[in-house]
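Each residue of the sequence shown is one higher than the one before, starting from 274 at the first, in this note's numbering.
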Amino acid sequence: MNFIAYLNNRGENRDALLALKRLTMTGTTFSAGRTDTVNFFTAWNLHQLRNSDSAIFYFDRISASSGFYDPSFFYGVLNRIYSKQYEECRSRLMAYQNKEYQSLTNLNLAALALLEKDLPAFDSLAKSFDYSFYAISEEQKSLKLYADTIRNYPKRSAVVAGVLSAIIPGAGKVYSGKLGQGLAAFLEIAALGGATAEYYFRSGPESAGFIIFGTLFSLFYVGNIWGSALSVHVNRNDFYQRIDNNIMVDLHIPLRRIFR
Numbered sequence: 274m275n276f277i278a279y280l281n282n283r284g285e286n287r288d289a290l291l292a293l294k295r296l297t298m299t300g301t302t303f304s305a306g307r308t309d310t311v312n313f314f315t316a317w318n319l320h321q322l323r324n325s326d327s328a329i330f331y332f333d334r335i336s337a338s339s340g341f342y343d344p345s346f347f348y349g350v351l352n353r354i355y356s357k358q359y360e361e362c363r364s365r366l367m368a369y370q371n372k373e374y375q376s377l378t379n380l381n382l383a384a385l386a387l388l389e390k391d392l393p394a395f396d397s398l399a400k401s402f403d404y405s406f407y408a409i410s411e412e413q414k415s416l417k418l419y420a421d422t423i424r425n426y427p428k429r430s431a432v433v434a435g436v437l438s439a440i441i442p443g444a445g446k447v448y449s450g451k452l453g454q455g456l457a458a459f460l461e462i463a464a465l466g467g468a469t470a471e472y473y474f475r476s477g478p479e480s481a482g483f484i485i486f487g488t489l490f491s492l493f494y495v496g497n498i499w500g501s502a503l504s505v506h507v508n509r510n511d512f513y514q515r516i517d518n519n520i521m522v523d524l525h526i527p528l529r530r531i532f533r
């Protein structure tokens with residue numbers, strides 16, 4: 274096990290897993306404590322490799338009497354969050370009995386509420402934040418900041434964006450927060466519209482130039498409306514994804530501080 278611990282400390286996770294596999298294939302009968310150690314090291318290396326489902330399996334095998342139980346519990350919750358098993362995480366956290374880590378439990382519950390964009394639930398849970406425990410105080414502040422950021426995010430409508438771009442090409446993208454894309458769309462469609470009008474007045478509606486540029490103008494015009502409506506959803510999803518990524522980082526850091 275010393276060699277496996279050495280590999281863990283060096284971050285050689287795949288080699289550590291290979292060594293653990295060989296250890297379990299020798300047919301040796303382990304004590305309960307040694308079995309917990311093997312399972313924890315296996316889970317830890319899988320966690321480091323972002324293999325969440327397998328990590329959860331081994332974290333869950335740690336017995337409640339083991340010194341590895343509490344870190345395994347919270348790392349198991351973290352990996353379930355990575356896998357978006359939010360309801361399962363909540364059930365486990367609510368049933369967790371060790372009051373020594375109550376503030377960490379509350380931090381995880383509050384983070385779950387934010388991941389689900391349930392601001393009333395977050396506000397209720399955040400009342401327990403007292404910022405007195407050094408290992409999580411900065412993360413408590415960060416979660417409060419994320420909640421305020423979500424609360425203040427502009428409530429833009431995809432329908433409004435589409436209507437605006439139908440009236441003025443590109444206006445919907447400007448409305449959604451993409452000024453550069455909106456101006457580019459306006460210039461493209463204006464250029465195509467100008468060329469279409471020129472061919473119409475110069476060569477008539479049956480000319481090849483009018484038909485080609487008229488078709489391109491129609492396609493770009495409709496695409497501009499659809500793209501503007503879609504950009505509202507894309508921007509919102511990108512915004513939430515950035516927040517979610519930050520939340521998961523803020524859940525991971527305290528575990529490294531507490532369970533060294």
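We put the beta carbon where it would ideally sit given N, CA and C, even for glycine. Since the structure is predicted, the reported quantities are computational estimates derived from the model, not experimental observations.
Whole angstroms are fine: how far does the CA of residue j sit from the CA of residue i?
| i | j | result |
| --- | --- | --- |
| Leu392 | Asp343 | 28 Å |
| Tyr473 | Gly487 | 9 Å |
| Phe276 | Ala305 | 20 Å |
| Asn425 | Asn510 | 15 Å |
| Arg530 | Leu524 | 11 Å |
| His320 | Asn352 | 7 Å |
| Ala383 | Ser376 | 10 Å |
| Lys372 | Ala439 | 58 Å |
| Lys400 | Gln413 | 11 Å |
| Met298 | Ala292 | 10 Å |
| Val350 | Glu285 | 24 Å |
| Ala464 | Asn318 | 57 Å |
| Gly466 | Ser491 | 9 Å |
| Val311 | Ser339 | 12 Å |
| Asp403 | Phe314 | 34 Å |
| Ala502 | Leu385 | 29 Å |
| Pro427 | Leu366 | 32 Å |
| Leu296 | Ser364 | 34 Å |
| Lys294 | Arg334 | 16 Å |
| Gly453 | Ser480 | 34 Å |
| Val433 | Phe512 | 19 Å |
| Ile516 | Glu471 | 49 Å |
Hey, out of the options, whose CA is closest to residue i's CA?
| i | options | result |
| --- | --- | --- |
| Cys537 | Phe313, Phe346, Ser376 | Since the displayed the chain opens at 274 and closes at 533, residue 537 lies outside it and no answer follows. |
| Ser430 | Leu528, Tyr494, Trp499 | Trp499 |
| Ala422 | Leu377, Ile520, Leu456, Ala434 | The sequence shown places Thr at residue 422, rather than the Ala named in the question. Of the listed residues, the one whose Cα sits closest to Thr422 is Ile520. |
| Asn497 | Gly349, Glu461, Phe483 | Glu461 |
| Leu380 | Phe395, Lys446, Leu489 | Phe395 |
| Glu411 | Gln514, Ile526, Ala328, Ser364 | Ile526 |
| Ser415 | Arg365, Ser356, Leu387, Asn312 | Leu387 |
| Tyr374 | Asp326, Ile409, Leu398, Ser501 | Ile409 |
| Val505 | Gly445, Ala328, Lys357, Gly453 | Gly445 |
| Ser325 | Tyr355, Asp403, Arg283, Leu385 | Tyr355 |
| Lys357 | Gln514, Arg533, Phe532 | Gln514 |
| Leu322 | Arg307, Leu290, Phe341 | Leu290 |
| Arg307 | Leu437, Phe341, Ser449 | Phe341 |
Using a Cβ-Cβ cutoff of less than 8 Å, which residues in the same chain neighbour residue i once the five nearest sequence positions on both sides are dropped?
| i | result |
| --- | --- |
| Asp288 | Leu280 |
| Glu389 | Tyr359 |
| Ser476 | Gly482, Phe483 |
Mind checking residue i: buried by the 16 CB within 10 Å criterion, or exposed?
| i | result |
| --- | --- |
| Gly435 | buried |
| Lys451 | buried |
| Pro442 | buried |
| Val447 | buried |
| Val507 | exposed |
| Asn518 | exposed |
| Tyr331 | buried |
| Leu418 | exposed |
| Gly455 | buried |
| Ala420 | buried |
| Ala328 | buried |
| Ser397 | exposed |
| Ala458 | buried |
Quick one: what's got a C-beta closer than 6 Å to residue i's C-beta in the same chain, skipping five residues either side?
| i | result |
| --- | --- |
| Ser336 | Asp309 |
| Phe587 | Any answer about residue 587 is impossible in this case: the structure gives the chain only from 274 up to 533. |
| Ala316 | Ala328, Tyr331, Phe332 |
| Leu528 | Phe347 |
| Leu437 | Ala444, Gly445, Tyr448 |
| Phe532 | Pro344 |
Kindly list the residues whose CB is nearer than 7 Å to the CB of residue i, restricted to its own chain and excluding five residues on each side of it in sequence; keep chain order.
| i | result |
| --- | --- |
| Tyr494 | Pro442, Ile462 |
| Ala468 | Phe486 |
| Thr378 | Leu366, Tyr369 |
| Leu489 | Leu465 |
Every unbroken beta strand (DSSP E) inside the segment 360–420 [3 residues or more]: Runs found: none.
Runs of alpha helix (DSSP H) wholly within the segment 317–362 (minimum 4 residues, chain order): Runs found: 325–332, 342–355.
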